[in-house]
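Here's the structure, in structure tokens; my notes come after.
Set out below in structure tokens:
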């Protein structure tokens, strides 16, 4: 296995992009990425593109063809990767493996989702749960995370105020991210008094419905050195799967797939949770960030809520989480999210994160998950200045 | 939901048919080819008990289109007396009546009115057992 580096990133603005079709979203991110890397389109040998449901959201499948066509990347090899909301992380993993294996030198990892095109987003997203044994009975995605939240509250005493603290923090970080869907500060009251979606989650506990795309260019470390770029190396990569149905897991106050993926990434990287300078965490709902920070080993089980409320996960906290604004504020175009998290990790490590820049980080972690915790990826990146 | 799928799920939805692993005794609902507990591949047919308790729950205020007429409604993960867990609605219950540990029993009910054709679809819901 060869050591692999990221040498360029690109992403679109995230939001309700009514004027931009799916194909152009990906092209914009991919071309921005290649420009950032200083690599020509013809030099890229293949692409892995995460997309959860082009078919349901815009009625378009065969994405490898259409997306590369409109990005001017034909005739290179390309594969669409799907693992629900972990599609982007899974695409990045596939691209990493292709470069690490020695099969290709330049591989694009991308993700895209066009969620605002008239489709019933609640229905489309619910296809990431068990259609016959969860969705049939009226469960929604907010509903599944609400059941995790209730279990976590019951077991550990986590409070609605602690959940709200996650949203307030991520909205604050998002105000400093020009790509973010929302650019507004909120307070605890905003979250607690918002319209209810699935008890105990209200509208401000939920990530929004978003259009957007993100892309990263990967190559061997040796090639990256020749490009004269800051050396951002993929130090650890982990992935795991678990039961699709929430009810088939023993502990409903946990999301074990994240812990398993993280353990593999930490082992490969040879680092511990305390060594990581910041994390991009899959906060599709406020409770998800709390549980995932516990699974990643940033906090003891049951301490994720108090940690958020005490400011430990703030930009200037001991364990910064979601400097980008997270899914909550930056937006959550489901198939693009995993790559967008890694774009933020790259920007932070190379000192290009603007007002939300964390001081001289060396190690950054991105955690992406699908469904209610049926799949997850964790990647740890290191910069050598 | 298209009719072949609906037809295929009737043994579970109407009759709670499950499979018991002949190796370790774990009951699987729905039946599977491989036992997730012991890796066994041989099963005997069994039927789920109807009594159990709520393990976790939520009240859905923003449902998919097919459930619009029932909102708000309570959904729970129920653990049955033999340890099998499933997800279903809790029928006829105000949200504050359902909490973790609430005893429930499974009953046969209409589940949804499929939106495109208005076809009624049936299955199990839970009902709170009065104290």
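Protein chains in written order, with our numbering: chain A, 7 to 391; chain B, 1438 to 1568. Quick reminder that beta carbons are idealized off the backbone N, C-alpha and C, glycines included.
Cβ distance (whole Å) where residue i is taken to contact residue j below 8 Å
i, j, result
"residue 1456(B)", "residue 1483(B)", "7 Å"
"residue 98(A)", "residue 290(A)", "Between residue 290(A) and residue 98(A) the Cβ distance is about 18 Å, and since that is not below 8 Å, they are no contact."
"residue 177(A)", "residue 334(A)", "7 Å"
"residue 1473(B)", "residue 139(A)", "That belief does not hold up - the Cβ atoms of residue 1473(B) and residue 139(A) are roughly 14 Å apart, past 8 Å."
"residue 149(A)", "residue 1497(B)", "5 Å"
"residue 53(A)", "residue 383(A)", "Incorrect: roughly 17 Å between the Cβ atoms, too far for contact."
"residue 224(A)", "residue 10(A)", "5 Å"
"residue 47(A)", "residue 76(A)", "The Cβ separation is near 12 Å, so there is no contact."
Chain A residues whose Cβ lies nearer than 7 Å to that of residue i
i, result
"residue 1505(B)", "Near residue 1505(B) there are no residues of chain A at all, since even the closest Cβ is about 10 Å away, more than 7 Å."
"residue 1446(B)", "138"
Continuous alpha helix (DSSP H) stretch holding residue i: start and end
i, result
"residue 258(A)", "Residue 258(A) -> no alpha helix (DSSP H), and no H or E assigned at all."
"residue 1548(B)", "No alpha helix (DSSP H) holds residue 1548(B); the beta strand (DSSP E) holding it covers 1540-1550."
"residue 161(A)", "147-162"
"residue 228(A)", "227-233"
"residue 334(A)", "332-336"
"residue 1505(B)", "That residue, residue 1505(B), is in no alpha helix (DSSP H); it is neither H nor E in DSSP."
"residue 106(A)", "93-106"
"residue 1474(B)", "Neither: residue 1474(B) is in no alpha helix (DSSP H) and is coded neither H nor E."
"residue 1(A)", "Since the first and last residues shown for chain A are 7 and 391, residue 1(A) lies out of range."
"residue 276(A)", "Note, residue 276(A): premise wrong, no alpha helix (DSSP H); not H, not E."
Where residue i falls, given that 16 or more other Cβ within 10 Å makes a residue buried
i, result
"residue 1531(B)", "exposed"
"residue 1510(B)", "buried"
"residue 58(A)", "buried"
"residue 1445(B)", "exposed"
"residue 81(A)", "exposed"
"residue 286(A)", "buried"
"residue 89(A)", "buried"
"residue 116(A)", "buried"
"residue 216(A)", "buried"
"residue 55(A)", "buried"
"residue 1449(B)", "buried"
"residue 1447(B)", "exposed"
"residue 68(A)", "exposed"
"residue 3(A)", "Residue coverage of chain A in this structure runs from 7 to 391, which leaves residue 3(A) outside it and unanswerable."
"residue 366(A)", "exposed"
Straight-line gap, residue i to residue j (C-alpha atoms, nearest Å)
i, j, result
"residue 402(A)", "residue 1556(B)", "This structure gives no information on residue 402(A), because the portion of chain A shown stretches from 7 to 391."
"residue 231(A)", "residue 238(A)", "10 Å"
"residue 339(A)", "residue 319(A)", "23 Å"
"residue 1441(B)", "residue 18(A)", "42 Å"
"residue 109(A)", "residue 241(A)", "19 Å"
"residue 87(A)", "residue 245(A)", "14 Å"
"residue 330(A)", "residue 165(A)", "24 Å"
"residue 195(A)", "residue 1514(B)", "30 Å"
"residue 401(A)", "residue 130(A)", "Residue 401(A) falls outside the range modelled here, since chain A spans only 7 to 391, and no answer is possible."
"residue 324(A)", "residue 281(A)", "11 Å"
"residue 278(A)", "residue 272(A)", "6 Å"
"residue 1486(B)", "residue 1508(B)", "28 Å"
"residue 1558(B)", "residue 143(A)", "10 Å"
"residue 1522(B)", "residue 1458(B)", "16 Å"
"residue 300(A)", "residue 354(A)", "23 Å"
"residue 1544(B)", "residue 1516(B)", "15 Å"
"residue 387(A)", "residue 1561(B)", "48 Å"
"residue 1535(B)", "residue 1452(B)", "25 Å"
"residue 1469(B)", "residue 1565(B)", "29 Å"
"residue 187(A)", "residue 1542(B)", "45 Å"
"residue 118(A)", "residue 210(A)", "24 Å"
Under 9 Å by beta carbon: chain A residues contacting residue i
i, result
"residue 1510(B)", "144"
"residue 1502(B)", "126, 128 and 129"
"residue 1462(B)", "Here the premise fails: no neighbours, minimum Cβ distance about 17 Å."
"residue 1467(B)", "138 and 139"
9 Å Cβ cut-off: residues of chain B touching residue i
i, result
"residue 202(A)", "1496, 1498, 1499 and 1509"
"residue 268(A)", "Simply none; closest approach about 22 Å."
8 Å Cβ cut-off: residues of chain B touching residue i
i, result
"residue 252(A)", "1514 and 1524"
"residue 160(A)", "1493 and 1537"
"residue 205(A)", "1495, 1496, 1498 and 1532"
"residue 156(A)", "1493, 1494, 1495 and 1537"
Extent of the continuous beta strand (DSSP E) run through residue i
i, result
"residue 1537(B)", "That residue, residue 1537(B), is in no beta strand (DSSP E); it is neither H nor E in DSSP."
"residue 178(A)", "Not the beta strand (DSSP E): residue 178(A) falls in the alpha helix (DSSP H), residues 166-180."
"residue 1494(B)", "1488-1497"
"residue 120(A)", "113-120"
"residue 1458(B)", "1454-1458"
"residue 14(A)", "10-17"
Distance cut-off 7 Å: residue i Cβ against heavy atoms of the ligand HEM
i, result
"residue 220(A)", "Looking for the ligand HEM in the displayed structure turns up nothing, as the structure carries no ligands at all."
7 Å Cβ cut-off: residues of chain B touching residue i
i, result
"residue 258(A)", "1492, 1493 and 1514"
"residue 153(A)", "1493, 1494, 1495 and 1514"
"residue 132(A)", "1501"
"residue 149(A)", "1495, 1497 and 1512"
Residue i: contacting residues in chain A (beta-carbon distance under 8 Å)
i, result
"residue 1548(B)", "142, 143 and 144"
"residue 1560(B)", "142 and 143"
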